[in-house]
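Residue numbers (numbering that gives the first Met the number 0): 0 to 173.
Below is one structure, written out as structure tokens; comments come after it.
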Amino acid sequence: MKRLRIMDILQDVSAIKDKGIKYINSDSDEVFVPYDEMHREVLGVLHYLQEKGLKKGDELIFQIEDNRTFVTTFWACIMGGIVPAIVSIVNNDELRMQLLRIWKTLEKPHLFASGKIFVNLEKCANDIGNLEFIELIKEIKTKSIFSEELKISDEAGTIYIPELSDTNLTLILL
């Protein structure tokens with residue numbers, strides 16, 4: 000029996016042009032993306048993440064509101080050995096403080112968020128006046144990727160192919 004890695008699923012469907020994913024953004028806005036196009040986008044996003052300095056074993060905290068960007072970035076992380084850390088969207092100060100605490104527990108964290116989410120995170124830390132969190136925000140900013148700046152590269156990123164016995168962390172759900 001052939002054992003599959005999660006990344007093999009996307010690789011196996013990457014040549015299919017007539018099937019794919021339908022993203023439903025609202026009652027009147029649906030976008031169909033064939034698997035072959037999705038595969039190209041995933042590898043392009045992986046290249047972009049790697050150009051931004053992310054590498055195998057780094058954690059990427061997701062603060063992604065757009066479904067297509069979320070799915071594409073998730074698969075890019077899987078393909079590159081980057082650990083997606085899925086955290087609820089921080090839309091209030093309690094969740095923002097929780098995200099700061101989560102950041103401190105991770106070994107090699109990065110943040111993927113909209114500029115708006117980051118500004119609200121920064122404002123929360125400043126409003127609370129906790130110097131530790133204010134300094135932490137400065138660190139986070141240097142390790143942040145803003146969704147508005149995301150570029151899907153024409154080049155493919157480097158795929159990390161784990162051994163089936165590899166025990167590296169694949170996903171964090173918080």
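Where is the CB? At the ideal position from N, CA and C, for every residue including glycine.
| Query | Result |
| --- | --- |
| Residue range of the unbroken alpha helix (DSSP H) whose run includes A124 | G114 to I127 |
| Range of the contiguous beta strand (DSSP E) that encloses L59 | E58 to Q62 |
| Beta-carbon contacts of I15 that lie in its chain and below 8 Å, excluding the five residues immediately before and after | P33, Y34 and D35 |
| Where K150 sits in the DSSP three-state scheme | coil |
| Buried or exposed (CB count within 10 angstroms, at least 16 for buried), F31 | exposed |
| Length of the line joining the Cα atoms of D17 and T71 | 18 Å |
| Whole-angstrom distance between D11 and A124, CA atom to CA atom | 44 Å |
| Closest residue to N66 among F117, E29 and L9 (Cα-Cα distance) | E29 |
| Spatial distance of N119 from K103 (CA atoms) | 18 Å |
| Given F117 as reference, the closest of M96, I101, K140 and L53 once Cα atoms are compared | K140 |
| Contact the segment 142-153 vs the segment 39-56: 3+ CB pairs below 8 Å | yes |
| Per-residue burial, R100 [other beta carbons within 10 Å of its own, 16 or more giving buried] | exposed |
| Assigned exposure category for E134 - 16 Cβ within 10 Å defines buried | exposed |
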